[in-house]
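Number of protein chains: 2
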Amino acid sequence: MLTERQLLILQVIIDDFIASAQPVGSRAISKKTNINYSAATIRNEMADLEDMGFLEKTHLSSGRVPSEKGYRYYVDHLITPTVKHKDVSLIKHIFKEDFLEFEQIVQMSAEVLSDLTNYTSIILGPEIYETRLKKIQIFTLSPHVAVAILITNTGHVEHRSFSLPAAIHATDMEKLVNILNERLYDVPIVHLPEMINTEIVFLMQQYLDDFETSYDYLKAVFFYEQPVKLYIGGKSNILMQPEFNDVDKIRSFYTMMEKEEEIANLLKNATDGLKVTIGNENKIDAIKDFSLITASYQIGDDQLGTIGLLGPTRMEYQKVITLLNVLSNEMTEALYLWFRQNK
Amino acid sequence: MLTERQLLILQVIIDDFIASAQPVGSRAISKKTNINYSAATIRNEMADLEDMGFLEKTHLSSGRVPSEKGYRYYVDHLITPTVKHKDVSLIKHIFKEDFLEFEQIVQMSAEVLSDLTNYTSIILGPEIYETRLKKIQIFTLSPHVAVAILITNTGHVEHRSFSLPAAIHATDMEKLVNILNERLYDVPIVHLPEMINTEIVFLMQQYLDDFETSYDYLKAVFFYEQPVKLYIGGKSNILMQPEFNDVDKIRSFYTMMEKEEEIANLLKNATDGLKVTIGNENKIDAIKDFSLITASYQIGDDQLGTIGLLGPTRMEYQKVITLLNVLSNEMTEALYLWFRQNK
DNA sequence: GTTAGCACTCTTTTGTACTGAGTGCTAATA
DNA sequence: TATTAGCACTCAGTACAAAAGAGTGCTAAC
Numbered sequence: 001m002l003t004e005r006q007l008l009i010l011q012v013i014i015d016d017f018i019a020s021a022q023p024v025g026s027r028a029i030s031k032k033t034n035i036n037y038s039a040a041t042i043r044n045e046m047a048d049l050e051d052m053g054f055l056e057k058t059h060l061s062s063g064r065v066p067s068e069k070g071y072r073y074y075v076d077h078l079i080t081p082t083v084k085h086k087d088v089s090l091i092k093h094i095f096k097e098d099f100l101e102f103e104q105i106v107q108m109s110a111e112v113l114s115d116l117t118n119y120t121s122i123i124l125g126p127e128i129y130e131t132r133l134k135k136i137q138i139f140t141l142s143p144h145v146a147v148a149i150l151i152t153n154t155g156h157v158e159h160r161s162f163s164l165p166a167a168i169h170a171t172d173m174e175k176l177v178n179i180l181n182e183r184l185y186d187v188p189i190v191h192l193p194e195m196i197n198t199e200i201v202f203l204m205q206q207y208l209d210d211f212e213t214s215y216d217y218l219k220a221v222f223f224y225e226q227p228v229k230l231y232i233g234g235k236s237n238i239l240m241q242p243e244f245n246d247v248d249k250i251r252s253f254y255t256m257m258e259k260e261e262e263i264a265n266l267l268k269n270a271t272d273g274l275k276v277t278i279g280n281e282n283k284i285d286a287i288k289d290f291s292l293i294t295a296s297y298q299i300g301d302d303q304l305g306t307i308g309l310l311g312p313t314r315m316e317y318q319k320v321i322t323l324l325n326v327l328s329n330e331m332t333e334a335l336y337l338w339f340r341q342n343k
Numbered sequence: 344m345l346t347e348r349q350l351l352i353l354q355v356i357i358d359d360f361i362a363s364a365q366p367v368g369s370r371a372i373s374k375k376t377n378i379n380y381s382a383a384t385i386r387n388e389m390a391d392l393e394d395m396g397f398l399e400k401t402h403l404s405s406g407r408v409p410s411e412k413g414y415r416y417y418v419d420h421l422i423t424p425t426v427k428h429k430d431v432s433l434i435k436h437i438f439k440e441d442f443l444e445f446e447q448i449v450q451m452s453a454e455v456l457s458d459l460t461n462y463t464s465i466i467l468g469p470e471i472y473e474t475r476l477k478k479i480q481i482f483t484l485s486p487h488v489a490v491a492i493l494i495t496n497t498g499h500v501e502h503r504s505f506s507l508p509a510a511i512h513a514t515d516m517e518k519l520v521n522i523l524n525e526r527l528y529d530v531p532i533v534h535l536p537e538m539i540n541t542e543i544v545f546l547m548q549q550y551l552d553d554f555e556t557s558y559d560y561l562k563a564v565f566f567y568e569q570p571v572k573l574y575i576g577g578k579s580n581i582l583m584q585p586e587f588n589d590v591d592k593i594r595s596f597y598t599m600m601e602k603e604e605e606i607a608n609l610l611k612n613a614t615d616g617l618k619v620t621i622g623n624e625n626k627i628d629a630i631k632d633f634s635l636i637t638a639s640y641q642i643g644d645d646q647l648g649t650i651g652l653l654g655p656t657r658m659e660y661q662k663v664i665t666l667l668n669v670l671s672n673e674m675t676e677a678l679y680l681w682f683r684q685n686k
């Protein structure tokens with residue numbers, strides 16, 4: 001168990017290191033106004049803290065640097081959420097706007113977050129459990145190509161081009177569109193493939209002359225993996241961090257950022273609430289030098305998406321955690337209002 | 344005027360430097376099999392070439408490096424287009440595919456280009472002179488919000504949400520959509536605002552009860568600056584270039600790449616054919632260390648867009664110029680076929 | 001329990017010497 | 001007259017040593 005004094009010293013060291021990015025020495029600490037012990041005492045405590053694994057040295061006679069365990073303890077026990085009024089009111093002010101499309105809400109959140117923190121923000125777009133189909137239309141562009149348009153209750157418009165089978169009859173197509181609109185109205189998007197494979201297939205066999213070709217191109221439109229949308233803000237912010245003084249690090253960072261799939265997966269299994277993952281706690285090698293903070297935003301009872309913030313392990317946890325909490329709440333509220341208005 | 348021997352030496356130096364990124368010394372040149380002069384002779388010629396401004400030294404006793412004037416001369420007079428069969432057949436093979444949407448064609452071109460060259464490719468999406476409106480639909484999502492969907496002959500689907508004025512009548516809206524579809528069918532997208540301000544306004548005043556509100560929200564849909572679409576490939580390729588050994592350079596590069604507007608403008612005033620802009624010839628400060636090669640791709644008589652390739656001034660001009668020519672031709676052809684099929 | 005003091009460690013900076021790659025110039029050569 | 005060999009010179013890069021600075025650990029005194 002850590003003593004009061006050890007806690008104090010640990011906190012001061014981490015705070016100092018987060019601010020300066022320089023190893024912290026005993027003398028520097030003993031000079032702080034809230035510390036009334038000599039450098040020698042501090043040194044003894046620091047040695048103990050190091051034995052316990054909270055601190056590290058960069059070399060034998062250097063000052064101390066927080067270990068990942070140190071950051072973990074700091075995040076779990078030493079942080080007191082402090083609200084920066086300016087930031088919070090900025091966020092609140094921004095969400096006052098009237099949003100027509102919820103993509104705007106998400107996109108803007110990513111930008112605000114990266115601007116306020118100078119880290120890289122990553123927002124995983126809302127999952128679409130709540131989204132329901134409102135209308136399907138098919139429009140032929142040429143004898144060989146048609147475009148299907150799906151409109152959802154969220155105002156999302158999805159379109160997909162496909163080749164028209166030469167064999168298909170115009171009347172069949174019309175019938176098909178009618179069947180689809182009748183049966184699929186207000187069906188959640190996620191249930192579409194299932195519905196088509198059961199009810200719709202049955203109806204199609206019953207009413208359509210050329211079942212086979214119709215079914216084929218129906219699949220082209222509905223059965224595809226909906227790619228999750230990632231909103232990334234401040235990709236180059238992280239370059240300003242002093243730990244990025246090495247070209248190789250930058251290279252590997254940008255190579256990683258191009259793999260949107262992996263990043264999406266990282267955010268996907270975020271639990272409810274706020275989660276901090278420090279350095280090697282991350283499952284993906286590429287970000288074992290980073291810390292990732294995630295928070296989920298919601299609407300109704302279903303989780304919708306995740307906000308993430310990626311920075312060096314030497315991150316301003318205190319500030320960032322507060323900010324992320326505020327933002328996820330504001331987003332949740334804004335989305336709630338938006339959905340209520342557009343349901 | 345340059346002598347034969349000077350031309351030869353200049354060419355060898357630039358070729359060598361492009362390949363190695365190291366200053367080229369007189370001895371290294373005299374050892375080449377196609378050079379039969381001693382190092383001393385080469386030195387004299389190099390001194391002359393330097394006096395004429397084609398070469399530079401990095402310091403007093405270093406080897407020579409091409410100046411921007413040197414590159415310019417090289418590009419204008421010393422390059423013989425050499426076709427790398429493997430690359431060309433790769434490009435041709437890729438364009439064999441059947442494209443449903445022309446965005447695919449452009450997007451893929453950007454990727455191929457950056458993959459083959461290891462530079463950063465930037466493609467300015469096709470201007471839309473040729474694009475014509477095929478269908479307008481308006482769909483109300485809620486009492487307050489509607490979404491307008493515009494379908495063009497190119498298979499492009501554009502949608503825009505807007506707030507519904509409380510005052511508008513359902514019948515008015517229906518009438519309006521009819522008017523629009525009747526009058527705007529097959530009208531080039533670029534002429535839409537003009538048409539609306541003349542013919543459509545007139546019809547609206549004649550047939551609609553509530554002209555004012557209808558006109559207001561019509562404007563929200565049609566009068567907006569169509570943002571030009573930029574397709575960027577291989578953003579991190581340029582990091583692999585040895586001139587990017589400096590963190591500050593990387594920072595300024597990425598800061599620049601975030602300003603899509605400026606980049607788009609750079610490409611916009613590309614003339615017909617192929618154009619090489621070297622270092623300080625570029626108008627924007629941010630890329631005065633880079634070379635930009637642009638080519639236009641076309642369909643019919645109207646220019647459609649620009650392909651650009653951004654790399655260090657020490658660029659593989661010979662290879663890249665050939666490649667860009669091949670690609671712009673293939674793109675033009677692919678787009679031509681595509682448009683013919685979907686007209 | 002706390003602190004002053006000192007020896008020790010390691011990084012960083014500065015200075016010096018050396019090496020290697022390359023140049024410019026001069027004088028000899030073809 | 002054009003070319004080349006030879007040599008003195010320049011500069012970046014490297015290696016090494018010495019000195020300075022920051023910090024530690026430990027011991028002995030308070």
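Protein chains in written order, with the working numbering: chain H, 1 to 343; chain R, 344 to 686. C-beta: ideal position from N, C-alpha, C; glycine also. Remember, it's a predicted structure, so these values are computed and weren't measured experimentally.
Task: From Ile-250(H), Leu-180(H), Tyr-254(H), residue whose alpha carbon lies closest to that of Phe-222(H) - done: Closest option to Phe-222(H), Cα to Cα, is Leu-180(H).
Task: CB contact check: Tyr-185(H) to chain R, cutoff 7 Å - done: It does not: the Cβ of Tyr-185(H) has no partner Cβ on chain R nearer than 7 Å.
TODO: Compare the Cα-Cα distances from Thr-614(R) to each of Gly-648(R), Lys-374(R), Ala-489(R), Thr-514(R) and report the closest residue.
DONE: Comparing alpha carbon positions, the residue from Gly-648(R), Lys-374(R), Ala-489(R), Thr-514(R) closest to Thr-614(R) is Gly-648(R).
Task: Residue ranges of each alpha helix (DSSP H) within the region 228 to 265 of chain H, 4 or longer - done: Taking only runs of at least 4 residues, the alpha helix (DSSP H) segments lying wholly in the region 228 to 265 of chain H are 247 to 257.
Task: Nearest-angstrom Cα separation, counted from Ile-581(R) out to Leu-116(H) - done: Our two residues, Leu-116(H) and Ile-581(R), have alpha carbons roughly 29 Å apart in a direct line.
Task: the region 506 to 521 of chain R contacting the region 532 to 539 of chain R, beta-carbon criterion three pairs below 8 Å - done: Segments in contact, no.
TODO: Return the CA-CA distance between Glu-525(R) and Leu-467(R), expressed in angstroms with no decimal places.
DONE: The straight-line gap from Cα to Cα measures roughly 32 Å.
Task: DSSP three-state assignment for Pro-193(H), whether helix, strand or coil - done: When DSSP states are grouped into helix, strand and coil, Pro-193(H) belongs to the helix group.
Open item on the list: List, from N- to C-terminal side, the beta strand (DSSP E) runs of 3 residues or more that fit wholly inside the region 27 to 62 of chain H.
Closed with: Under the rule that a run must span 3 or more residues, the beta strand (DSSP E) segments found entirely inside the region 27 to 62 of chain H read 55 to 57.
TODO: Note down the Cα distance separating Val-157(H) from Gly-234(H), rounded to an integer number of angstroms.
DONE: For Val-157(H) and Gly-234(H), the distance between alpha carbons rounds to 27 Å.
Open item on the list: Let me check understanding here. Comparing Cα to Cα, which of Thr-41(H), Leu-49(H), Lys-319(H), Thr-152(H) lies closest to Leu-2(H)?
Closed with: Of the candidates Thr-41(H), Leu-49(H), Lys-319(H), Thr-152(H), the one whose C-alpha sits nearest the C-alpha of Leu-2(H) is Leu-49(H).
Open item on the list: With a threshold of 8 Å, are at least 3 pairs of Cβ atoms found where one atom belongs to the region 265 to 285 of chain H and the other to the region 240 to 255 of chain H?
Closed with: Because the criterion of three Cβ pairs below 8 Å is not met, the region 265 to 285 of chain H and the region 240 to 255 of chain H do not touch.
Open item on the list: Quick check: Ser-30(H) and Gly-53(H), are their CB atoms within less than 7 Å of each other?
Closed with: Cβ atoms of Ser-30(H) and Gly-53(H): not closer than 7 Å.
Task: Beta-carbon contacts of Ile-494(R) that lie in its chain and below 7 Å, excluding the five residues immediately before and after - done: Here Ile-494(R) has Lys-477, Lys-478, Val-500 as same chain residues with Cβ atoms under 7 Å from its own Cβ, once five neighbours each way along the sequence are excluded.
- [ ] Pull up the DSSP beta-bridge partners for Phe-482(R), would you.
- [x] Looking at the DSSP assignment, Phe-482(R) forms a beta bridge with Val-490(R).
Open item on the list: Let me make sure I understand the geometry here. Which of Leu-10(H), Met-240(H), Ser-121(H) has the alpha-carbon closest to that of Leu-292(H)?
Closed with: Nearest option by C-alpha distance: Ser-121(H).
- [ ] Return yes when the Cβ of Gly-406(R) is within less than 7 Å of the Cβ of Gly-368(R), no when it is not.
- [x] Contact: yes.
Task: Top-ranked residue by Cα proximity to Leu-652(R), from Leu-421(R), Ile-642(R), Thr-637(R), Asn-608(R) - done: When only C-alpha atoms are compared, the closest one is Thr-637(R).
- [ ] Less than 8 Å between the CB atoms is what I'm expecting for Thr-322(H) and Val-83(H), so what's the real figure, rounded?
- [x] The Cβ separation is near 6 Å, so the contact holds.
TODO: Would you identify the three-state DSSP class for Ala-509(R), choosing helix, strand or coil?
DONE: Ala-509(R): coil per DSSP, three-state reduction.
Task: chain R residues whose Cβ lies nearer than 8 Å to that of Val-145(H) - done: Chain-ordered, the chain R residues with CB closer than 8 Å to the CB of Val-145(H) read Leu-443, Gly-498, Gln-684, Asn-685.
Open item on the list: Given this structure, state the Cα-to-Cα distance separating Phe-95(H) from Lys-319(H), to the nearest angstrom.
Closed with: Phe-95(H) and Lys-319(H): Cα-Cα distance of roughly 20 Å.
TODO: Look up Ile-284(H) in the DSSP assignment and say whether it is helix, strand or coil.
DONE: Coil, per DSSP.
TODO: Compute the Euclidean distance between the alpha carbons of Leu-335(H) and Met-46(H), then round it to the nearest angstrom.
DONE: One C-alpha to the other measures close to 47 Å.
- [ ] From the DSSP output, read off the bridge partner residues of Gly-311(H).
- [x] According to DSSP, Gly-311(H) bridges with Ser-291(H).
Open item on the list: So, with DSSP's three-state summary, where would you put Glu-101(H)?
Closed with: Of the three classes helix, strand and coil, the one that applies to Glu-101(H) here is coil, per DSSP.
TODO: Starting from the beta carbon of Asn-245(H), find every residue of chain R whose beta carbon is closer than 7 Å, and list them in chain order.
DONE: Within 7 Å Cβ-Cβ: Val-590.
TODO: Give the secondary structure of Lys-134(H) by DSSP, where H, G and I count as helix, E and B as strand, and everything else as coil.
DONE: For Lys-134(H), the three-state secondary structure derived from DSSP is strand.
Task: Per-residue contacts from Leu-335(H) into chain R (C-beta, under 7 Å) - done: Counting only Cβ-Cβ distances below 7 Å, Leu-335(H) has no contacts in chain R at all, with the closest Cβ about 15 Å away.
Task: Closest by C-alpha distance to Glu-603(R), when choosing among Leu-573(R), Gln-365(R), Gln-447(R), His-420(R) - done: Nearest to Glu-603(R) by alpha-carbon distance, out of Leu-573(R), Gln-365(R), Gln-447(R), His-420(R), is Leu-573(R).
Task: Anticipated Cβ contact below 8 Å, Val-431(R) with Val-669(R), distance rounded - done: Confirmed, Cβ separation roughly 5 Å.
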